[in-house]
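Student: Going by full-length UniProt numbering, the first residue of the sequence shown is number 1, and it counts up by one from there. Here it is, the structure, as structure tokens.
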Amino acid sequence: MLLLDLPGELLLCVMDYLERAKDIHSLCLTNSHVYRQLLPALYRFNIRFQNSSALHWAARYGKLGLVQTMCFYRARVNVYLHGYTPLHLAAIFGQAPVVRQLLSCDGIDVNCRGEKLGLTPLGVAVRKENVEVVQVLLSDARTDINAGSRDNKTPLLDAIKYRHLVILRLLLADVRLAIHSQGQTTSPLLYAMRKDFGCGGRALLAHGDIDVSARDWKDRTVLHYAVLHNDDGLVQLLLQKQDLDVNAQDWLGMTAVHRAIIKDNRRIVALLLTRSDLDVSISGADGHWKIYEEMPPLCLAVALRRNRICQLLLEAPTDADVRTASGNSPLHLAAGMADLDLLTLLLNQPDIKLNGRNDDGFTALHEATTRGYLSVAKLLLAEPGVDANVGDTCGRTALWWATKRSDEILTKRLLCEDDLDLNVVGRDGSTSLHHAIQYRNRTIARLLLCEERLDVNVPDMAGWTPLIWAVHQADIDMVRLLLVRDDLQLDPIFAGNASALGLAADRGHTKIVNLFLDHRDRLDINLPTQAGETPLCRAAAAGHCEVVDLLLQDPQLDVNQTDLNGCSPLYWAVYAGHFNVVRRLLQDRRVVIEGDYFRRPALAAAHEMGHAEIADLLRTYRLE
Numbered sequence: 001m002l003l004l005d006l007p008g009e010l011l012l013c014v015m016d017y018l019e020r021a022k023d024i025h026s027l028c029l030t031n032s033h034v035y036r037q038l039l040p041a042l043y044r045f046n047i048r049f050q051n052s053s054a055l056h057w058a059a060r061y062g063k064l065g066l067v068q069t070m071c072f073y074r075a076r077v078n079v080y081l082h083g084y085t086p087l088h089l090a091a092i093f094g095q096a097p098v099v100r101q102l103l104s105c106d107g108i109d110v111n112c113r114g115e116k117l118g119l120t121p122l123g124v125a126v127r128k129e130n131v132e133v134v135q136v137l138l139s140d141a142r143t144d145i146n147a148g149s150r151d152n153k154t155p156l157l158d159a160i161k162y163r164h165l166v167i168l169r170l171l172l173a174d175v176r177l178a179i180h181s182q183g184q185t186t187s188p189l190l191y192a193m194r195k196d197f198g199c200g201g202r203a204l205l206a207h208g209d210i211d212v213s214a215r216d217w218k219d220r221t222v223l224h225y226a227v228l229h230n231d232d233g234l235v236q237l238l239l240q241k242q243d244l245d246v247n248a249q250d251w252l253g254m255t256a257v258h259r260a261i262i263k264d265n266r267r268i269v270a271l272l273l274t275r276s277d278l279d280v281s282i283s284g285a286d287g288h289w290k291i292y293e294e295m296p297p298l299c300l301a302v303a304l305r306r307n308r309i310c311q312l313l314l315e316a317p318t319d320a321d322v323r324t325a326s327g328n329s330p331l332h333l334a335a336g337m338a339d340l341d342l343l344t345l346l347l348n349q350p351d352i353k354l355n356g357r358n359d360d361g362f363t364a365l366h367e368a369t370t371r372g373y374l375s376v377a378k379l380l381l382a383e384p385g386v387d388a389n390v391g392d393t394c395g396r397t398a399l400w401w402a403t404k405r406s407d408e409i410l411t412k413r414l415l416c417e418d419d420l421d422l423n424v425v426g427r428d429g430s431t432s433l434h435h436a437i438q439y440r441n442r443t444i445a446r447l448l449l450c451e452e453r454l455d456v457n458v459p460d461m462a463g464w465t466p467l468i469w470a471v472h473q474a475d476i477d478m479v480r481l482l483l484v485r486d487d488l489q490l491d492p493i494f495a496g497n498a499s500a501l502g503l504a505a506d507r508g509h510t511k512i513v514n515l516f517l518d519h520r521d522r523l524d525i526n527l528p529t530q531a532g533e534t535p536l537c538r539a540a541a542a543g544h545c546e547v548v549d550l551l552l553q554d555p556q557l558d559v560n561q562t563d564l565n566g567c568s569p570l571y572w573a574v575y576a577g578h579f580n581v582v583r584r585l586l587q588d589r590r591v592v593i594e595g596d597y598f599r600r601p602a603l604a605a606a607h608e609m610g611h612a613e614i615a616d617l618l619r620t621y622r623l624e
């Protein structure tokens, strides 16, 4: 007898000895009779020994008939395979009819959680953005709409995360939804704003029961993000909420107004200014935008050259003299950037402080002069209230800085001001005239020397006057310019300092020495230094024969005057071995080779230093 001709009871007995489902399935496929007899047994085998895997397969691929059959044979609808139940798989792959069929099964767990992320079928459907499956699940009263996953994400937050507006509206329309569910740390509205989901934000605001004061880890509010995303409409909706804090600061101290200014969104700034409780004096900073110091909105708008926003802020009740952390006002910032449009706008404000100083003592005029902005300086100086004599923390005025930069045009413009202080001294004791000479700028020197108010004899910290600096630099043209002034003192200001003649003699500047000797009536040719050195002594010691010759031509020269060590000019020339200088000195009959008032004879110095030729010369003149 053939196997296929056996009665059904015997076929079932044969099947009991088959251990694998594929063997049973192969037996079922032999003919239609056997198929009809053994297929129910195959279903039961799958349910009993294979964890209802056929139901999982049918749910995944949408085989509704097989799902119904498995449910008829009482398959375990809540069993897990690879971490998911059949309901999960149907939701994952968008099989809405299968989901509907499974929900009708007795004992179905609508809120079962996946083993990986702990998602419910509704959570899976939301993440897969399957609207039809979401609708089917929401229609079941057993569905927990607020169930969160292991990463603390509810279906509502997932709808926001994946920016699915239709699903979000479906969830919001369900009365079971708790906007702020227990244990949820994230605000849905703030989450929507962080994800730049403006439509979702509007939908949440329309729901009514929403918290607009929530903050993220950067202390940013919903309003901050609405501004950051340039969402004008959402900002307008938020501003209608009376419990909204429009002055909320993030971790950098930036308010919504600051962010709107950075984004250059004039409309949002105008909307924010409609709130009467807006504080425009709050300061903030953001290094990402190279705003490294805290500044109020008006200063920020000026720093970023937001001219139209500046005009909006100034039209509102705003203090035009607000300050940054370093004390800079909007006027300082505009002057430092040479923005004439902004500067003009600020100068038209009635409460602007033209001479206001920052922490360095700088005024707006200082900012212009230190950077060489002539057009800015002209605009400021045209204002009647500007004081060009205001000094910084070290007393340095705009003129001092202009000459320090050797800026001829700016200096000329400043000199047109009445009562300008020309003798301002800086921290190093230098004046504007010092700068002109040190930088060899004859144009500025001429401009300054034409002013009778100029004190040409002011010494710096080292006691050097402008004349000393000119000699030091061997600038004979500058010396000539200075000598034109009748009030120029050729002798040192402080006793003991080197005279201009002494310095020129020491450096061997023959032409300058000759120039000084032409003004013999204005100097003391024998004036010693603190060490007692006369100009002749210094020239002789340095070996400048031409200078010595020029000095010896003066009848009032004391050729034998010694220093504090008792050394005469002759002694120093001998000691240094300057043969020509020694010979020129000896040719002058006023020079004494040795005498009672010399503590250190020249001949002894020649022997001491081994200058035999000079010693012979001294003996020759002594014998004479």
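By construction, the Cβ of each residue, glycine as well, lies at the ideal position given by its N, Cα and C atoms.
Helix or strand or just coil, what does DSSP make of Y597?
Tutor: The pLDDT assigned to Y597 is 45, lower than 50, so where the model puts this residue is not dependable, and the model offers no usable value.
Student: Compare the C-alpha of I47 against each of Y61, L81, P555 and name the closest.
Tutor: L81
Student: Assuming L399 contacts L420 (C-beta within less than 8 Å), just tell me the rounded distance between them.
Tutor: The C-beta distance from L399 to L420 rounds to 6 Å, short enough to fall under 8 Å.
Student: Please go through the same chain and pick out, in chain order, the residues whose beta-carbon is closer than 7 Å to the beta-carbon of Y597, but skip the five residues on each side of it.
Tutor: Note on Y597: pLDDT 45, under 50, position unreliable in the model; the coordinate value appears next. Here the set comprises nothing.
Student: Name the residue from V212, R522, D216 whose alpha carbon lies nearest to the alpha carbon of L488.
Tutor: R522
Student: Per DSSP, A84 forms a beta bridge with which residues?
Tutor: Inspection of the sequence shows that residue 84 is occupied by Tyr rather than by Ala. In DSSP, Y84 forms a bridge with L81.
Student: Do the region 405 to 425 and the region 384 to 391 touch if we need at least three Cβ pairs shorter than 8 Å?
Tutor: yes
Student: Can you give the beta carbon distance from I261 to L304, rounded, assuming they're within the 8 Å contact cut?
Tutor: 7 Å
Student: What is the DSSP secondary structure of M295, counted as helix, strand or coil?
Tutor: strand
Student: Let's see if you can read the secondary structure: which residues bound the alpha helix (DSSP H) around A540?
Tutor: 535 to 542
Student: What are the residues that DSSP puts in a beta bridge with G198?
Tutor: In the DSSP output, where bridge partners are listed per residue, G198 has none listed.
Student: Should A373 be labelled buried (16 or more other beta-carbon atoms within 10 Å of its own) or exposed?
Tutor: Correcting the residue type first, residue 373 is Tyr in the shown sequence and not Ala. Per the 10 Å Cβ criterion, buried.
Student: Whole alpha helix (DSSP H) runs in the region 234 to 270 with 4 or more residues, listed along the chain?
Tutor: 256 to 262
Student: From the DSSP output, which residues share a beta bridge with D286?
Tutor: I291
Student: Which same chain residues end up closer than 8 Å to Q473 when comparing Cβ atoms and leaving out the 5 residues on each side of it in sequence?
Tutor: Shown here for Q473: same chain residues with a beta carbon closer than 8 Å to its own, the five before and five after excluded, namely I437, Q438, R440 in chain order.
Student: So, does the region 86 to 106 touch the region 124 to 143, judging by three or more C-beta pairs under 8 Å?
Tutor: yes
Student: Based on Cα-Cα distance, which residue from L515, L190, H366 lies nearest to L414?
Tutor: H366
Student: Quick check on DSSP: helix, strand or coil for F362?
Tutor: coil
Student: Do D109 and L89 have their CB atoms nearer than 9 Å?
Tutor: The Cβ-Cβ distance between D109 and L89 does not fall below 9 Å.
Student: Any idea what DSSP makes of Q473, helix, strand or coil?
Tutor: coil
Student: What is the DSSP secondary structure of I108, reduced to helix, strand or coil?
Tutor: coil
Student: Which one of G233, A605, A470, G107 has the shortest CA to CA distance from H509?
Tutor: A470
Student: As a quick exercise: from N111, D196, L170, N152, pick the residue whose alpha carbon is nearest that of V134.
Tutor: L170
Student: Under a three-way DSSP split, which group does R169 fall into?
Tutor: helix
Student: Thinking just about the alpha-carbon of each residue, which of Q68, E383, G83 is nearest to the one in N355?
Tutor: E383
Student: Can you tell which of V547, D554, E613, K290 has its C-alpha closest to the C-alpha of V574?
Tutor: Closest in C-alpha terms to V574, from the list V547, D554, E613, K290, comes E613.
Student: For M478, which three-state DSSP category applies?
Tutor: helix
Student: Cutting at 6 Å between CB atoms, please list the residues of its own chain near I476, excluding the five before and the five after it.
Tutor: K511, I512
Student: Judging by CA-CA distance, which residue of D174, E132, R176, H180 is the nearest neighbour of K153?
Tutor: H180
Student: Which residue from M295, R323, L536, V280 puts its Cα closest to that of E315?
Tutor: V280
Student: Do you know whose CA, among F49, C105, Q95, Y84, lies nearest T69's CA?
Tutor: C105
Student: Take the Cβ of V302 as the centre, count every other Cβ of all protein chains shown within 10 Å, and call the residue buried at 16 or more, exposed below.
Tutor: Buried, because 16 or more other Cβ atoms sit within 10 Å of the Cβ of V302.
Student: With a cut-off of 9 Å, does the C-beta of A573 fall near any C-beta of chain C?
Tutor: In the structure shown, chain C does not exist; there is a single protein chain.
Student: Hey, N560 and V582: beta-carbon distance below 9 Å or not?
Tutor: Against a cut-off of 9 Å, the Cβ pair of V582 and N560 comes out as no contact.
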